[in-house]
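What follows is a short report on a single structure.
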Amino acid sequence: MMTKTTSTDAHGTHAGIDPADPSLLIVDDDGPFLRRLARAMETRGFRVDIAESVAEGVAKAKASPPKYAVVDLRLGDGNGLDVIESIRQKREDTHIIVLTGYGNIATAVTAVKLGAIDYLAKPADADDVYAALIRQPGERAEVPENPMSADRVRWEHIQRVYEMCERNVSETARRLNMHRRTLQRILAKRAPK
Numbered sequence: 000m001m002t003k004t005t006s007t008d009a010h011g012t013h014a015g016i017d018p019a020d021p022s023l024l025i026v027d028d029d030g031p032f033l034r035r036l037a038r039a040m041e042t043r044g045f046r047v048d049i050a051e052s053v054a055e056g057v058a059k060a061k062a063s064p065p066k067y068a069v070v071d072l073r074l075g076d077g078n079g080l081d082v083i084e085s086i087r088q089k090r091e092d093t094h095i096i097v098l099t100g101y102g103n104i105a106t107a108v109t110a111v112k113l114g115a116i117d118y119l120a121k122p123a124d125a126d127d128v129y130a131a132l133i134r135q136p137g138e139r140a141e142v143p144e145n146p147m148s149a150d151r152v153r154w155e156h157i158q159r160v161y162e163m164c165e166r167n168v169s170e171t172a173r174r175l176n177m178h179r180r181t182l183q184r185i186l187a188k189r190a191p192k
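Have a look at this one:
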């Protein structure tokens with residue numbers, strides 16, 4: 000477990016972080032990104048614990064449910080939504096942020112229904128992650144300046160159908176009237192801008 004304290008305000012606390020419980024669990028299978036984000040969050044006053052897989056994240060969430068969590072959606076051994084469910088089963092008040100390089104509306108909706116309070120596309124800047132973690136419920140995030148491209152709209156539609164089909168590639172391909180291998184190639188790529 001990584002722990003570290005840093006500069007604080009006049010009262011000895013960091014603005015927005017619960018001083019009674021600054022615990023933060025970060026679950027991501029990208030090792031260098033995970034360690035960079037952990038260091039950045041430690042300097043902002045969190046007591047950080049890290050996990051590099053769904054299994055490790057679920058185990059840590061069950062053993063010591065954190066006040067804050069940052070969870071990657073796609074992990075090597077499964078889906079980050081399983082980690083979110085485990086956290087919510089143990090602790091209802093956790094501020095959960097979902098990070099993903101494969102952002103789409105359907106998974107964002109699912110993540111929010113499971114209890115995530117925000118959804119950020121990778122590569123996410125530490126400042127954006129911090130702002131999302133300390134944002135109060137009901138506080139609005141900034142609206143993006145640019146509308147989605149046609150490629151992005153297509154990607155979002157495919158992802159929405161994929162989620163509706165419970166991530167069944169064959170059923171999704173049938174509903175979209177596309178070849179299964181073509182769909183698999185599209186799903187393997189990152190979301191267009």
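Residue numbering for the sequence shown follows numbering that gives the first Met the number 0, beginning at 0 and increasing consecutively.
Each residue gets a CB set at the ideal place from its N, CA and C atoms; glycine is no exception.
This structure is a prediction, so every number in the text was calculated from the model and none was measured.
Taking the beta strand (DSSP E) that Ala-68 falls in, what are its first and last residues? Working through the sequence shown from its first residue, we reach residue 68 at position 69. 67-71 is the span of the beta strand (DSSP E), which, as asked, contains Ala-68.
Reference Arg-189, options Leu-175, Cys-164 and Trp-154, closest by Cα: Along the sequence shown, read from residue 1 onward, the residue named residue 189 stands at position 190. With distances taken between CA atoms, Arg-189 lies nearest to Trp-154 out of Leu-175, Cys-164 and Trp-154.
Val-26 bridges to which residues according to DSSP? Within the sequence shown, the letter at position 27 stands for residue 26. Residue pairing from DSSP places Val-26 in a beta bridge opposite Ala-50 and Val-70.
Would you be able to state if there are at least three C-beta pairs under 8 Å between the segment 50-60 and the segment 105-117? Contact between the segment 105-117 and the segment 50-60 is absent: fewer than 3 CB-CB pairs across the two stretches fall below 8 Å.
CA-CA distance, Val-82 and Val-168? Along the sequence shown, one-based indexing puts residue 82 at 83. Along the sequence shown, one-based indexing puts residue 168 at 169. Going by C-alpha positions, Val-82 is about 23 Å away from Val-168.
Three-state secondary structure (DSSP) at Asp-234? Given that the chain is displayed from residue 0 to residue 192, the structure contains no residue 234 and the question cannot be resolved.
Taking a contact to mean a Cβ-Cβ separation below 8 Å, would you say Ala-234 touches Leu-98 in this structure? Shown here, the chain extends from 0 to 192; a query on residue 234 therefore has no answer.
Continuous beta strand (DSSP E) stretch holding His-94: start and end: Translated into positions along the sequence shown, residue 94 becomes position 95. Residues 94-99.
May I ask you to report which of helix, strand or coil DSSP gives Gly-77? As a first step, residue 77 is located in the sequence shown; it is residue number 78 there, counting from the start. Three-state DSSP puts Gly-77 in a strand.
Buried or exposed for Ser-85, going by 16 or more other Cβ atoms inside 10 Å? Position 86 of the sequence shown, counted from the first residue, corresponds to residue 85. Classification of Ser-85: buried, given that the 10 Å Cβ count is 16 or more.
Count Cβ pairs between the segment 117-135 and the segment 174-181 that sit closer than 8 Å; are there 3 or more? Output reads no: the segment 174-181 does not touch the segment 117-135.
Reduced DSSP category for Ser-169 - H, G, I as helix; E, B as strand; rest coil: Taking the first residue of the sequence shown as position 1, residue 169 is located at position 170. Ser-169 sits in a helix when the DSSP states are folded into three classes.
One question on the structure: do Leu-182 and Ala-172 come within less than 8 Å of each other, judged by their Cβ atoms? Counting from one through the sequence shown, the residue named residue 182 turns up at place 183. Counting from one through the sequence shown, the residue named residue 172 turns up at place 173. For Leu-182 and Ala-172, yes; Cβs fall inside 8 Å.
Does DSSP classify Glu-91 as helix, strand or coil? The residue labelled residue 91 in the question sits at position 92 within the sequence shown. Note: Glu-91 maps to coil in three-state DSSP.
Mind checking which residues open and close the alpha helix (DSSP H) that includes Ile-16? Counting from 1 along the sequence shown, the entry for residue 16 is found at position 17. From DSSP, Ile-16 is part of no alpha helix (DSSP H); its letter is neither H nor E.
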